[in-house]
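Visitor: Got a structure for you, written out below as structure tokens; questions coming shortly.
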Ligand code: FDP
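Numbering (our numbering), first residue to last: 50 to 387.
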């Protein structure tokens with residue numbers, strides 16, 4: 050029997066490019082290179098348990114290669130591929146303290162910020178993890194990009210997306226023309242369009258927060274969480290609780306099924322008063338995706354995530370993200386208006 054002809058991610062990226070007559074094709078090529086990195090990481094993630102077993106003796110796998118930690122593997126896979134793809138001028142990785150230069154002969158016009166393997170505390174227990182990316186156009190004119198090229202607000206992103214390594218591997222991306230999801234068919238090694246033009250539901254079914262931090266939250270956050278748990282049939286409360294602790298997976302579920310995710314500021318760690326999640330690698334790309342899908346992303350002190358001017362590569366921000374209706378209500382609670 051013939052297989053149905055699916056739309057590949059490369060075809061889709063190319064078709065989106067034709068919506069922009071001024072496009073040179075470089076962004077499409079950059080995204081295609083990222084897709085290759087994603088497939089490489091996906092293959093390694095699927096081998097995670099085995100790699101450990103094979104790695105027990107002498108830390109080499111069956112091919113005689115050194116066994117790396119998965120997050121290190123993911124970081125190196127993206128870094129090495131993108132540094133010589135010809136479309137990027139500088140990169141930042143959640144795994145590296147400083148900005149990452151590209152190879153001199155391969156300097157391009159975009160910047161890439163990425164979290165190679167988000168949710169790393171879930172790696173060893175076979176729970177979904179993911180890769181997140183965010184792309185801007187460079188500001189500087191020539192040569193290697195500068196750190197300031199990376200420190201641009203979310204509103205100026207030209208592409209963002211994530212890959213979730215779960216029961217199947219999915220890639221979800223936007224270039225400003227909606228949010229589109231693709232599922233990897235491992236039998237042919239290709240991502241096929243499975244979720245065209247994703248719109249997040251109007252209202253949340255789920256709320257996602259680490260309630261273990263309850264006693265570290267501000268009073269306003271506690272009151273909002275009490276609100277979503279209280280019973281009111283008319284407004285569909287209580288919401289159901291879902292928290293994986295892997296942002297990519299929590300975001301993906303809420304995007305598709307409808308939910309609100311919160312990682313608010315707290316007083317747990319005086320070094321991280323502004324929440325845990327990173328602006329460049331987590332909050333901004335997800336804010337772009339959720340806005341494109343009809344939702345909203347804010348901080349708990351009333352700022353739109355997309356409008357925050359980054360001050361440093363690893364800046365952290367409180368993040369409230371999900372269905373617009375619910376983020377609007379959360380905002381009122383967090384500002385003490387409800
Ligand atoms: P992790 O520490 O496992 O890497 O920012 C990283 C992140 O995971 C997110 O993926 C996740 O949403 C969050 O941290 C979980 O933090 P808590 O364990 O504090 O809930």
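Positions of the beta carbon are idealized from the N, C-alpha and C atoms, including for glycine. Predicted, not measured: the structure shown is a model, and the values here were computed from it.
Whole angstroms are fine: how far does the CA of residue 75 sit from the CA of residue 107?
Guide: Bear in mind that the predicted position of residue 107 carries a pLDDT of just 48, short of 50, making it unreliable; the figure below should be weighed with that in mind. Cα to Cα, residue 107 sits roughly 43 Å from residue 75.
Visitor: For residue 327, which option in 339, 294, 363, 198 has the closest C-alpha, if you only look at C-alpha atoms?
Guide: When each option's Cα is compared against that of residue 327, the closest is 363.
Visitor: Where do the N-terminal and C-terminal ends of the alpha helix (DSSP H) with residue 153 fall, by residue?
Guide: Premise fails: residue 153 is in no alpha helix (DSSP H) and is neither H nor E.
Visitor: Output the distance between the C-alpha atoms of residue 185 and residue 336, rounded to the nearest integer angstrom.
Guide: Near 14 Å, if we compare the C-alpha coordinates of residue 336 and residue 185.
Visitor: So, is residue 273 buried or exposed, given that buried needs 16 or more other C-beta atoms within 10 angstroms?
Guide: By the 10 Å Cβ count, residue 273 comes out buried.
Visitor: Three-state secondary structure (DSSP) at residue 387?
Guide: Residue 387 falls in the coil class under three-state DSSP.
Visitor: If you reduce the DSSP assignment to three classes, tell me which class residue 333 lands in.
Guide: Note: residue 333 maps to helix in three-state DSSP.
Visitor: Please tell me whether residue 180 and residue 212 are closer than 8 Å, where the distance is taken between their beta carbons.
Guide: Yes; because the gap between Cβ atoms is below 8 Å, this pair is in contact.
Visitor: Any idea what DSSP makes of residue 342, helix, strand or coil?
Guide: Reduced to three states, the DSSP call for residue 342 is coil.
Visitor: Could you check whether the Cβ of residue 128 sits closer than 7 Å to any heavy atom belonging to the ligand FDP?
Guide: Flag unset: Cβ of residue 128 not near the ligand FDP.
Visitor: Using C-beta distances below 8 Å, list every residue in its chain close to residue 360, excluding the 5 sequence neighbours before and after it, in chain order.
Guide: Same-chain partners within the cutoff: 200.
Visitor: Which residues in the same chain as residue 105 place their Cβ atom closer than 7 Å to its Cβ, once the five residues preceding and following it in sequence are excluded?
Guide: Residue confidence is low: residue 105 scores 45 on pLDDT, short of 50, so the model does not pin down where it sits. Its coordinate-derived value is still stated next. The answer is none, since no qualifying residue turns up.
Visitor: Unbroken alpha helix (DSSP H) runs of length 4 or more, entirely within the region 179–237: which are they?
Guide: Complete alpha helix (DSSP H) runs here, min 4: 196–199.
Visitor: Determine contact between the region 294–308 and the region 252–264, defined as no fewer than three beta-carbon pairs at a distance below 8 Å.
Guide: With a cut-off of 8 Å, the region 252–264 and the region 294–308 count as touching, because enough Cβ pairs lie within range.
Visitor: Look up residue 377 in the DSSP assignment and give the residues it is bridged to.
Guide: Answer is none; residue 377 lacks a bridge partner.
Visitor: Between the Cα of residue 323 and those of 177, 349, 80, spot the shortest distance and give me the residue it belongs to.
Guide: Nearest of 177, 349, 80 to residue 323, Cα basis: 349.
Visitor: Between residue 358 and residue 51, what straight-line distance do the alpha-carbon atoms span, to the nearest angstrom?
Guide: Cα-Cα distance, rounded: 51 Å.
Visitor: Once the 5 residues before and after residue 286 are set aside, which same chain residues still bring their CB inside 7 Å of it?
Guide: So the qualifying residues of the chain are 277, 279, 280.
Visitor: By the three-class DSSP mapping on this structure, what secondary structure does residue 107 have?
Guide: Here the model assigns residue 107 a pLDDT of 48, short of 50, so the residue's position is not dependable and the matter cannot be decided.
Visitor: Any chance the CB of residue 303 is under 7 Å from a heavy atom of the ligand FDP?
Guide: Checking the Cβ of residue 303 against the ligand FDP gives no.
Visitor: Are there any heavy atoms of the ligand ZN lying less than 7 Å away from the beta-carbon of residue 74, as far as the coordinates show?
Guide: Absent from the structure shown: the ligand ZN. Ligands present: the ligand FDP.
Visitor: What residue does the alpha helix (DSSP H) around residue 131 start on, and which one ends it?
Guide: Residue 131 -> alpha helix (DSSP H) spans 119–132.
Visitor: So which of 157, 298, 325 has the shortest CA-CA distance to residue 190?
Guide: The shortest C-alpha separation from residue 190 is found at 157.
Visitor: So does residue 338 have its beta carbon nearer than 7 Å to some heavy atom of the ligand FDP?
Guide: No, Cβ of residue 338 sits at least 7 Å from all heavy atoms of the ligand FDP.
Visitor: In terms of DSSP beta bridges, what is residue 286 paired with?
Guide: 281.
Visitor: I need the DSSP call for residue 89, collapsed to helix, strand or coil.
Guide: In the structure shown, residue 89 sits in a helix (DSSP, three-state: H, G or I).
Visitor: Would you list, in sequence order, the uninterrupted alpha helix (DSSP H) runs of no fewer than 4 residues that lie entirely inside the region 251–324?
Guide: Qualifying alpha helix (DSSP H) stretches, in chain order: 268–278, 296–306.
Visitor: Does DSSP put residue 58 in a helix, in a strand, or in coil?
Guide: Helix at residue 58.
Visitor: Kindly indicate which residue of 129, 188, 210 has the alpha-carbon position closest to the one of residue 342.
Guide: The residue with the shortest Cα to Cα distance from residue 342 is 210.
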